[in-house]
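See structure below.
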Amino acid sequence: MLFDTHCHVNDEAYEKDREAMLARAFSEGVQYMMCPGTDIKTSAEAVAMSHQYKQIYAAVGIHPEDAASATSEGFEQIRKWIQTESKVVAIGEVGLDYHWPEPSHEIQQQVFIEQVKMAVELDVPIDIHDREAHGDTVDILRQYGKGIRGVFHCYSGSLEMTEELLDMGFYFGFTGTTVFPNSKKLKKIAAALPMERILIETDCPYLTPPPYRGKRNEPAYVQYVAAEIAKLRQMDVAEVQRITVENGKRIFGIPEDV
Ligand code: NI
Numbered sequence: 095m096l097f098d099t100h101c102h103v104n105d106e107a108y109e110k111d112r113e114a115m116l117a118r119a120f121s122e123g124v125q126y127m128m129c130p131g132t133d134i135k136t137s138a139e140a141v142a143m144s145h146q147y148k149q150i151y152a153a154v155g156i157h158p159e160d161a162a163s164a165t166s167e168g169f170e171q172i173r174k175w176i177q178t179e180s181k182v183v184a185i186g187e188v189g190l191d192y193h194w195p196e197p198s199h200e201i202q203q204q205v206f207i208e209q210v211k212m213a214v215e216l217d218v219p220i221d222i223h224d225r226e227a228h229g230d231t232v233d234i235l236r237q238y239g240k241g242i243r244g245v246f247h248c249y250s251g252s253l254e255m256t257e258e259l260l261d262m263g264f265y266f267g268f269t270g271t272t273v274f275p276n277s278k279k280l281k282k283i284a285a286a287l288p289m290e291r292i293l294i295e296t297d298c299p300y301l302t303p304p305p306y307r308g309k310r311n312e313p314a315y316v317q318y319v320a321a322e323i324a325k326l327r328q329m330d331v332a333e334v335q336r337i338t339v340e341n342g343k344r345i346f347g348i349p350e351d352v
């Protein structure tokens, strides 16, 4: 059994074959998926898919790349989904992305802070996107995220940052990038972390692991991330699958009988 804890199955990349893509995931043992939104429209799509498929759970939020689209009405909608939708299990994906010049760091920070505060207030986990913004991301969590819990999705931090996030109680999501031969630092972290803090994810349609690297990604391929973690930690792959499912259910508060 597998839990793909971060997959954009609502993405337009699956417009033509969404059903078939999900059927492949189910037949490869993916029993749980967490589909995050990146703005109000894609959050609404994630919520709709959580109604349609028992295996799919949703997160709602404004991604840093979409920070300029944030409005107070949008934040109210996010709050309402969290309060009324039982399969909305997190605020996400939210955070900071300094890879591109726009939106400005200031706008990204405002939108992230707003959602960090909401996660604390509503006592819901947060699914964090942090790209080339480690220092500011951790600063904001320290300042506004007292008692917050959640996941650093597609983790890319340093060993030092990892220590701090472990102390704060965070979980770490590993994607297909962990499988890439040149991801030496990432492999080291994946091998050293406490097993109960590790999640596996595809971030599909992006970050496709070998042997499908270069093609469109999909949840059926999360098994290759599980296999890599098993190899790095010299564990049985079935055990990695079992533990990462338990971890995902624990952090997102998913009940046993679904
Ligand atoms: Ni993502």
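Position in the sequence shown (first residue = 1) + 94 = my numbering.
The beta-carbon is built from N, C-alpha and C at its ideal position, and this holds for glycine as well.
Predicted, not measured: the structure shown is a model, and the values here were computed from it.
Query                                                                                                                                                            : Result
Alpha carbon to alpha carbon, what distance is there between residue 101 and residue 296?                                                                        : 6 Å
Whole angstroms is fine: what's the gap from residue 204's alpha carbon to residue 348's?                                                                        : 30 Å
Can residue 130 be considered in contact with the ligand NI, in the sense that its beta carbon sits closer than 7 Å to one or more heavy atoms?                  : yes
Using only alpha-carbon positions, find the residue among 184, 202 and 346 that is nearest to residue 190.                                                       : 202
Below 8 Å on the Cβ atoms is my contact criterion, and I expect residue 98 with residue 313 to pass it. Report the Cβ-Cβ distance as a whole number of Å.        : 4 Å
Cα separation between residue 124 and residue 242?                                                                                                               : 28 Å
Is residue 187 near the ligand NI, judged by its Cβ being under 7 Å from some heavy atom?                                                                        : yes
In angstroms with no decimal places, state the Cα-to-Cα distance between residue 271 and residue 299.                                                            : 13 Å
Select from 121, 263 and 103 the residue whose C-alpha is nearest the C-alpha of residue 144.                                                                    : 103
Determine, using beta-carbon pairs with one atom in the stretch 220–238 and one in the stretch 251–260, whether at least three such pairs fall under 8 Å.        : yes
Identify whether residue 196 lies in helix, strand or coil by the three-state DSSP scheme.                                                                       : coil
Provide the residue span of the beta strand (DSSP E) that contains residue 190, from first to last.                                                              : 182–191
From the DSSP output, read off the bridge partner residues of residue 127.                                                                                       : 98 and 150
Regarding residue 297 and the ligand NI, is the C-beta to nearest heavy atom distance less than 7 Å?                                                             : yes
Let me check one thing: in DSSP terms, what residues is residue 242 bridge-paired to?                                                                            : Beta-bridge pairing links residue 242 to no other residue.
Output the residue ranges of the beta strand (DSSP E) runs that lie fully inside the stretch 250–299 and measure 3 residues or longer, sorted by chain position. : 265–268 and 292–294
Which of the three DSSP states is assigned to residue 156 in this structure?                                                                                     : coil
With DSSP as the reference, please indicate the residues paired to residue 220 in a beta bridge.                                                                 : 185 and 244
With a threshold of 7 Å, establish whether the CB of residue 193 neighbours any heavy atom of the ligand NI.                                                     : no
What are the boundary residues of the alpha helix (DSSP H) that includes residue 114?                                                                            : 112–121
Report the rounded CA-to-CA distance for residue 236 versus residue 111, giving the unit in angstroms.                                                           : 42 Å
Can you find at least 3 beta carbon pairs, one from the stretch 202–222 and one from the stretch 268–283, that sit closer than 8 Å?                              : no
Please state the DSSP three-state secondary structure of residue 225.                                                                                            : strand
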